[in-house]
Amino acid sequence: MSWKVKHNAKFLLLILVISSACTELDYASTDPIVGRTCEGSDQCETLNKYCCVIGAYRPGLKGECQKRPVLGQRCSITMFRSNAYNNLYAPYVGACPCVEPRKNVCTRSLKYRYQLGVCQPW
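Numbers -28 to -1, 1 to 94, taken from mature numbering (1 follows the signal peptide of the UniProt record, and there is no 0), label the letters of the sequence shown in order.
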């Protein structure tokens, strides 16, 4: 093999190693719980960090786990209760409630009561 072919092969191998390392770093930064399908918030691990969110009021609709919002992010306090989940583990509609509900509150307009609110300090 000529020196150009060897140089190109080494260069391609280096690019492959760097790209695989970047892929591993990117995979490690993603949260494995967010995006998981669920029927209730009890399927989303810790309740103070995650909740189950459905898109609409429809029985039998499965939701997905999402992180609870912090100050300034969109939030909701509306739960969809059913025969299976008629308790604190019922899924939320549209978004999760705020992190630390004793310190933060989800405020929304009374005129637009079916829209999402915003997390603000109490």
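By construction, the Cβ of each residue, glycine as well, lies at the ideal position given by its N, Cα and C atoms.
Spell out the partners DSSP gives residue i in its beta bridges.
i	result
cysteine 70	Answer is none; cysteine 70 lacks a bridge partner.
threonine 79	Val90
valine 25	Glu36 and Tyr64
arginine 46	Val90
cysteine 10	Gly35
If I measure Cβ to Cβ from residue i and keep anything under 7 Å in the same chain, skipping five residues before and after, which residues do I get?
i	result
arginine 40	Lys21, Tyr22, Cys23, Cys68, Pro69, Cys70 and Val71
threonine 79	Gly89, Val90 and Gln92
tyrosine 29	Phe52 and Val65
proline 31	Ser54
Under 8 Å Cβ to Cβ from residue i, same chain only, skipping five residues before and after it: list those, please.
i	result
proline 93	Leu43, Lys75, Asn76 and Val77
cysteine 10	Cys16, Cys24, Lys34, Gly35, Glu36, Cys37 and Pro63
Would you tell me roughly how many angstroms separate the C-alpha atoms of residue i and residue j, rounded to the nearest one?
i	j	result
asparagine 55	threonine 2	33 Å
arginine 46	glycine 27	14 Å
glutamine 87	valine 25	14 Å
arginine 53	threonine 18	20 Å
proline 73	aspartate 14	18 Å
isoleucine 5	serine 81	31 Å
asparagine 59	glycine 7	22 Å
On the CB-based measure, 16 or more other CB atoms within 10 Å of its CB, does residue i come out buried or exposed?
i	result
tyrosine 84	exposed
glutamate -5	At glutamate -5, the pLDDT of 43 sits below 50, so the modelled position is not reliable and the matter cannot be decided from this model.
aspartate -3	Low confidence applies here, because aspartate -3 scores a pLDDT of 47, under 50, leaving its location unreliable; read the following figure in that light. Aspartate -3 is exposed by the Cβ-count criterion.
tyrosine 61	buried
residue 137	Residue 137 lies beyond the stretch modelled for the chain, which goes from -28 to 94, so this question has no answer here.
So, for residue i: in the same chain, excluding its five sequence neighbours on each side, which residues have a beta-carbon less than 6 Å away from its beta-carbon?
i	result
threonine 50	Val65
tyrosine 57	Gly12
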